Every structure is written in structure tokens, then in C-alpha cells.
Amino acid sequence: APVPPPNLNSCGTATITDGPAVPYSCCPPKPDDMDSVPYYKIPRMSKLRKRPAAQNVTEEYIAKYQLATSKMKELDKDQLDPLGFKQQANIHCAYCNDAYTMGDKKLQVHESWLFFPFHRWYLYFYERILGSLIDDPTFALPYWNWDNPSGMRLPYMFDVEGSSLYDARRNPHVRNGTIIDLGFFGDEVKTNELQMITNNLILMYRQMITNAPCPLLFFGEPYRFGSNPEPGMGTIENIPHNPVHIWTGTVRGTDLGNGAKSYGEDMGNFYSTALDPVFFCHHANVDRLWNEWKALGGKRRDLRDKDWLNSEFFFYDENRDPWRVKVRDCLDSKKMGYDYEPTATPWRNFKP
Ligand code: C2O
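Heads up, the sequence shown is in the UniProt record's numbering, so the first residue is 86 and it goes up one at a time.
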């Protein structure tokens with residue numbers, strides 16, 4: 086059977102990955118009647134939202150995105166506003182840090198075939214909320230184009246202190262245009278930029294092409310009602326998705342400045358990752374790679390298993406209305422109203 090939407094009535098304490106309990110509740114506000122939350126219908130749109138590569142955007146775009154994010158942060162004044170920045174980050178905490186149960190097990194959307202669809206729906210609503218806060222129904226999230234040499238560094242807009250897109254809880258090595266290591270699991274590799282870029286492209290080829298010739302290898306292992314959590318990751322979730330998180334977050338064990346020891350905050354831990362605005366930029370690229378992978382052809386297509394297609398999540402939309410959404414309704418990003426501005430995919434030619 087498919088994974089049902091989480092039951093908000095039994096939402097409980099979340100746990101910091103590899104750490105103690107999250108010191109606050111990351112459960113969302115409850116709708117009046119959980120059992121009558123309706124199914125979401127994709128609203129009609131007159132124009133596609135075009136998600137741009139973060140390295141190519143204009144100053145005007147950055148100003149808009151920054152403004153939308155500050156407005157979202159202002160909504161945090163009401164702790165129960167589901168559109169607030171912290172509540173939006175808590176969505177990730179609740180779905181990934183054991184706040185929800187599925188039967189007698191913990192619900193976890195990572196390390197399974199729910200990884201891609203969960204994050205697609207999450208970004209979908211987040212983007213609509215940002216757009217509505219600045220009255221721009223065409224607003225589209227930028228994507229961190231780390232699979233392309235021109236995007237292999239923290240996008241500049243996130244590295245400006247004082248901006249709503251800045252986060253002090255990052256590893257200082259991400260600053261000032263350092264080339265990212267897409268295979269980063271904690272050890273700094275000493276090499277030159279050109280070699281790092283080449284390594285990254287080879288790694289992309291491996292994860293998109295060599296190691297993911299068929300759906301289950303790309304999406305991850307089956308996860309159904311009653312399954313144990315974390316049955317197994319798909320290629321991209323494992324690398325480079327995880328390394329980008331780890332590379333960006335603080336080093337575990339360092340002092341966070343308030344006496345507390347780091348568990349990788351913000352980007353390097355599930356409960357805190359979406360407190361860094363770059364999370365959504367990172368995941369826009371992960372989401373784009375889903376489209377790119379299908380475009381490679383062959384057996385590279387969506388899963389057809391009904392338990393995957395009928396699995397469900399719960400989200401609030403930009404009008405604060407609660408909805409159930411199904412995996413089957415998120416397979417085609419254009420039908421959902423958005424697409425990606427194209428960029429080159431040089432990894433296609435980086436056969437090792
Ligand atoms: Cu839900 Cu990149 O993690």
C-alpha cells in the first residue's frame with residue numbers, strides 16, 4: 086500500500102539527526118479537521134514560472150527574491166503562521182526527523198523513492214508562497230547549477246551578509262567563490278580548481294548515467310505503508326545531493342557561537358537544513374536533474390509502481406489552505422506550472 090499523508094494529530098517530538106531531541110516543536114499548525122483535508126488540484130496558470138540558474142540572474146531578480154524571503158521571515162512573528170520561514174523549514178524537520186509516524190514506524194522521506202517527489206512538492210508550495218508575498222505569480226526559485234562549471238560555487242546572492250538569503254551557520258569554506266567538491270563527506274581535498282571541476286563532472290556522469298540506467302537506481306528503494314524507514318537511496322540523493330549539504334553546513338562538533346556544539350547546522354542536518362535559504366536553491370537543482378535524467382531516454386522514466394504513484398504528502402498553500410497531494414500529480418513539472426531555464430550539461434560527455 087502507498088504511504089498515506091502524515092497524521093498531524095499524532096505529530097510528536099523530532100530528533101536532531103545523530104543528536105538529542107529538537108528543542109522546539111516542528112509540527113505544523115493543525116487544520117480544523119485533518120480527515121477532511123481535500124486533494125490538491127493544480128491551479129490553472131497563464132504563464133510558466135521559469136526557474137533560472139542562480140549564476141545567471143539579474144540584480145533585479147536578486148532584489149525580488151531577497152524581498153520575498155524577508156517577508157516570509159517577518160511572518161515568523163506569528164509562530165503559528167504556516168507560511169512563516171521557520172514553519173516552512175519545520176516541514177523538513179517534521180518529515181525527516183521522526184516527528185511523524187506511519188503505523189508503528191517512523192515516517193522518513195529520505196533514503197527511499199519518496200525523495201524526489203517529496204522535495205518537488207515542498208519546493209512547489211514554497212515557491213508559490215514567495216511569489217504571493219511579492220504579488221508576482223511568475224516568481225520562480227533559482228537553481229544552484231552545481232553540475233555545471235559556471236555554477237560550482239555558492240551562488241553569490243547567498244553570500245552577502247545582512248541579506249535575508251545569508252546564513253551565518255555555514256562552513257566558512259563556502260565563502261568567496263570556492264569551487265564546491267561534489268563528493269564532499271568531510272575531508273578537504275587539496276587540488277586545483279580545474280581538477281576539482283573535472284572530478285565533479287566525472288562524478289555527475291557516474292550518478293546520472295553509469296549508475297542510474299533504470300528507475301529504482303535513480304529514485305531509490307521502494308518505501309510503502311509499513312516499510313522500515315530508509316530502505317536505500319537513489320544515486321543522486323547519495324551523491325552529490327548529500328555532499329552539497331555537508332559541504333555547506335558547519336563542521337560537526339564546532340562551537341555554534343552560543344556554546345552549543347554543531348550537528349552540521351544548518352545545511353548539514355535534516356532538522357535545520359531548510360533554515361538556510363540556499364536549501365531551496367540546492368533542491369531546485371536536484372529537482373531539475375530529475376527532468377534531465379528522464380530526458381536521457383532509454384529506460385530512464387518515472388516509476389510505474391502504484392504504491393509510489395499514490396503516496397501522499399500534506400502541505401499548506403499560499404492561501405494557508407491545507408491540502409493532500411499525490412506523487413502521481415508531480416511527475417511533469419510543466420503541468421505543475423514551472424520549468425527550468427536551460428543550461429549546458431557538460432557532464433554528459435565526461436565518461437571516465
Ligand atoms: Cu530533504 Cu536535501 O534533503
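C-beta atoms are modelled at their ideal positions from N, C-alpha and C, and glycine is treated no differently. As the structure is a computational prediction, the values presented were derived from the model and not from experiment.
* Grouping DSSP H, G and I as helix and E and B as strand, with all else coil, what is W408? -> Of the three classes helix, strand and coil, the one that applies to W408 here is strand, per DSSP.
- By Cβ distance, which residues of its chain are closer than 6 Å to L93, with the 5 residues on each side in sequence left out? K115, M119.
Handout entry: Cβ-based burial, residue 41 [other Cβ within 10 Å; buried from 16]
Key = Outside the modelled stretch of the chain, which goes from 86 to 437, sits residue 41, for which no answer is possible.
If you measure from the CB of V371, is any heavy atom of the ligand C2O nearer than 8 Å?
Answer for V371: yes, Cβ within range of the ligand C2O.
_Helix, strand or coil for F270? Go by DSSP, reduced to three states._
DSSP places F270 in coil when its eight states are reduced to three.
Checklist entry - In its own chain, which residues sit with a C-beta less than 8 Å from the C-beta of K419, not counting the 5 before and 5 after it? => result These residues qualify, in order along the chain: L133.
- Message: Could you check if V194 belongs to the surroundings of the ligand C2O, using beta carbon to heavy atom distance under 8 Å?
- Response: Because some heavy atom of the ligand C2O lies under 8 Å away, the Cβ of V194 counts as near it: yes.
Practice task
Would you list, in sequence order, the uninterrupted alpha helix (DSSP H) runs of no fewer than 4 residues that lie entirely inside the segment 248-307?
Solution key: Taking 4 residues as the shortest admissible run, the segment 248-307 contains the following complete alpha helix (DSSP H) segments, listed from N- to C-terminal end: 278-290, 300-304.
Suppose the cutoff is 8 Å on Cβ atoms and the five residues either side in sequence are ignored; what does the same chain contact list for T154 look like? Same-chain partners within the cutoff: F170, L215, S249, L250, P362.
Practice prompt. Could you have a look at T143 and say whether DSSP puts it in helix, strand or coil?
Written response: The three-state secondary structure of T143, taken from DSSP, is coil.
On the CB-based measure, 16 or more other CB atoms within 10 Å of its CB, does G382 come out buried or exposed? G382 comes out exposed.
* According to DSSP, what are the bridge partners of D340? -> Residue pairing of D340 in beta bridges, as defined by DSSP: K346.
### Query
Beta carbon of T102: closer than 8 Å to some heavy atom of the ligand C2O?
No, since every heavy atom of the ligand C2O falls outside the 8 Å radius drawn around the Cβ of T102.
- Task: Helix, strand or coil for D103, going by three-state DSSP, please let me know.
- Result: Coil.
Problem set entry | R254 burial status per 10 Å Cβ neighbour count (16 or more: buried) | With 16 or more other CB atoms across the displayed protein chains lying within 10 angstroms of its CB, R254 is buried.
Give me the Cα-Cα distance between A106 and D183, rounded to the nearest whole angstrom. The straight-line gap from Cα to Cα measures roughly 10 Å.
Does the segment 204-214 come into contact with the segment 330-346, if we say contact requires no fewer than three beta-carbon pairs (one atom in each stretch) closer than 8 Å? Using a C-beta cut-off of 8 Å, the segment 204-214 makes no contact with the segment 330-346, since fewer than three inter-stretch Cβ pairs fall below that distance.
Q: Tell me where the beta strand (DSSP E) around R136 begins and ends.
A: Per DSSP, R136 is one residue of the beta strand (DSSP E) stretching across 134-136.
With a threshold of 8 Å, are at least 3 pairs of Cβ atoms found where one atom belongs to the segment 121-138 and the other to the segment 224-240? Output reads yes: the segment 224-240 touches the segment 121-138.
(message) Taking 8 Å as the cut-off, is the beta-carbon of T333 closer than that to any non-hydrogen atom of the ligand C2O?
(response) No, the ligand C2O has no heavy atom inside 8 Å of this Cβ.
Does DSSP classify K191 as helix, strand or coil?
Three-state result, K191: strand.
Review point. Should T358 go down as buried or exposed, given a rule of 16 or more other Cβ atoms within 10 Å for buried?
Key: Flag for T358 reads buried.
- Query: Helix, strand or coil: which one does DSSP assign to M421?
  - Reply: M421: coil per DSSP, three-state reduction.
Cβ neighbours of Y423 in the same chain (closer than 8 Å, five flanking residues each side left out): Residues of the same chain with a CB within less than 8 Å of the CB of Y423, apart from the 5 flanking positions on each side, are L133, R134, K135, R136, Y209, E212, A225 in chain order.
Item to complete: List the DSSP bridge partners of E397.
Response: DSSP, once it has assigned bridges, lists K411 as partnering E397.
Can you tell me where the alpha helix (DSSP H) holding V88 begins and where it ends? Looking at the DSSP string, V88 is not in any alpha helix (DSSP H), and its letter there is neither H nor E.
Worksheet item: Looking only at its own chain, which residues have a Cβ that is under 7 Å from the Cβ of I264, when we skip the five neighbours before and after it?
Response: Beyond the five residues adjoining it in sequence on each side, I264 comes within less than 7 Å, by CB distance, of M237, R238, E278, M281, I282 in the same chain, given in chain order.
Item to check | Residues bridged to M318 (per DSSP) | outcome: Bridge pairing for M318: G305 [DSSP].
* Which residues share a DSSP beta bridge with T186? -> Per DSSP, K191.
field: Where Y109 sits in the DSSP three-state scheme
entry: Residue state, collapsed to three classes: coil.
Helix, strand or coil, according to DSSP, for Y180 in the structure here? Residue state, collapsed to three classes: helix.
Problem - Residue from C181, P298, E397 with nearest C-alpha to E315 - result: Distance check between E315 and each of C181, P298, E397 places C181 closest, using alpha-carbon atoms only.
Problem - Straight-line Cα distance separating N376 from Y290 - result: Near 15 Å, if we compare the C-alpha coordinates of N376 and Y290.
Give a single yes or no on whether H258 has its beta carbon closer than 8 Å to a heavy atom of the ligand C2O. Distances from the CB of H258 to the heavy atoms of the ligand C2O are all 8 Å or more.
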